[in-house]
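With the numbering used here, letter number 88 in the sequence shown gets 96, and the count goes up by one each step, no holes.
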Amino acid sequence: MAAFHFWIGTLGIVFYAASLYWAGITQSLMWKQFTPLGILQYPNFLETVIQIIPMYMIRAFGGALYLTGVVVMVINLIKTAKSGVLEANEPAEAPALEKDYVDKSTKHRWLETRPGKFALLATVAIIIGGAIEMIPTFMIKSNIPTIPSAEELATDLQKNGAPAQSNKEIIALIAYLQRMGTGIKGDTTTVK
9 MAAFHFWIGT LGIVFYAASL YWAGITQSLM WKQFTPLGIL QYPNFLETVI QIIPMYMIRA
69 FGGALYLTGV VVMVINLIKT AKSGVLEANE PAEAPALEKD YVDKSTKHRW LETRPGKFAL
129 LATVAIIIGG AIEMIPTFMI KSNIPTIPSA EELATDLQKN GAPAQSNKEI IALIAYLQRM
189 GTGIKGDTTT VK
C-alpha cells in the first residue's frame, strides 16, 4: 500500500507540473505570434487561455491523483496504528552511564566547555580578520573605481560601436507594444 501511495503521488505531481509548464510555454508563444499582415494573431488574452483549457484538465487530474495518494496515506497510517499491539509495562534495559572525564587543563578545552564565550571570541576574531583584509584595500585610491561623467560614458560607448541613444532606451517587445500600446511618448519608439 505504501508503494501505491508513492507512485500515485509521484504521477500526480508529474501530471500537474508537466501540464503547468506546457501551458505556460504555449501561452507565451501564442502572445508573440503575428499574422502575415504584421498584427497580433491573439490580441485578446482570453484567446490564449481558451487554448490551454486542456492543460487545466490535466492539472486537475494530477491534483486528484495526488489527493488520492494523501487519502491512501491516511488509510495506511490508520491500519498500521491499529495493527500494533500496546504493551503497557514493557521492561526497559540500558547500560549504566559513566561520567566522562573532560581534561580542563588546556585553554582550548576550557574554551570548548563554554560555547557562549567561544562564539563571542570567534565573532571578534572574524571581525578583526575581516578588517585586516578590507581596510588596506579601501586605503589605496586606485582600488576605488570612479564613475565617469555621462559625456565620457557616451563617447566610450560610441567608440565601441553603440548608437548615441541606445544606452538610454529600453527596447520593448513588439508584441507587448501592440497589445498594450507604447506608453512612451517620444520619437525613438514607433509601432505601425
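Just so it is clear, CB atoms sit at the ideal spot from N, CA and C, and this is done for glycine as well.
Spatial distance of residue i from residue j (CA atoms)
i    : j    : result
F126 : F146 : 30 Å
L37  : Y29  : 12 Å
A72  : R187 : 36 Å
Q41  : V57  : 15 Å
A183 : I60  : 20 Å
Y109 : R117 : 12 Å
M89  : E101 : Note on residue identity: the sequence assigns Ala, not Met, to residue 89. Going from the Cα of A89 to the Cα of E101 covers about 25 Å.
N97  : V80  : 33 Å
F53  : I148 : 57 Å
P62  : L45  : 30 Å
V82  : L94  : 20 Å
G92  : K115 : 53 Å
G124 : F23  : 51 Å
W15  : G32  : 26 Å
I86  : E106 : 41 Å
L185 : A25  : 31 Å
Environment of residue i [buried if 16+ CB atoms lie within 10 Å]
i    : result
Y64  : exposed
R67  : buried
A11  : exposed
K176 : Because K176 carries a pLDDT of 48, less than 50, the predicted location of this residue cannot be relied on, and the following value inherits that uncertainty. K176 is exposed by the Cβ-count criterion.
S27  : buried
A104 : exposed
Terminal residues of the alpha helix (DSSP H) in which residue i lies
i    : result
F126 : 123-147
M9   : Element bounds for M9: n/a, residue is neither H nor E.
I58  : 53-59
E120 : 115-120
CB contact flag (residue i, residue j, <7 Å)
i    : j   : result
G77  : G17 : yes
M142 : N84 : no
Y74  : G20 : yes
T43  : Q35 : no
Any C-beta of chain D under 7 Å from that of residue i
i   : result
F14 : The displayed structure is made up of one protein chain only, and chain D is not part of it.
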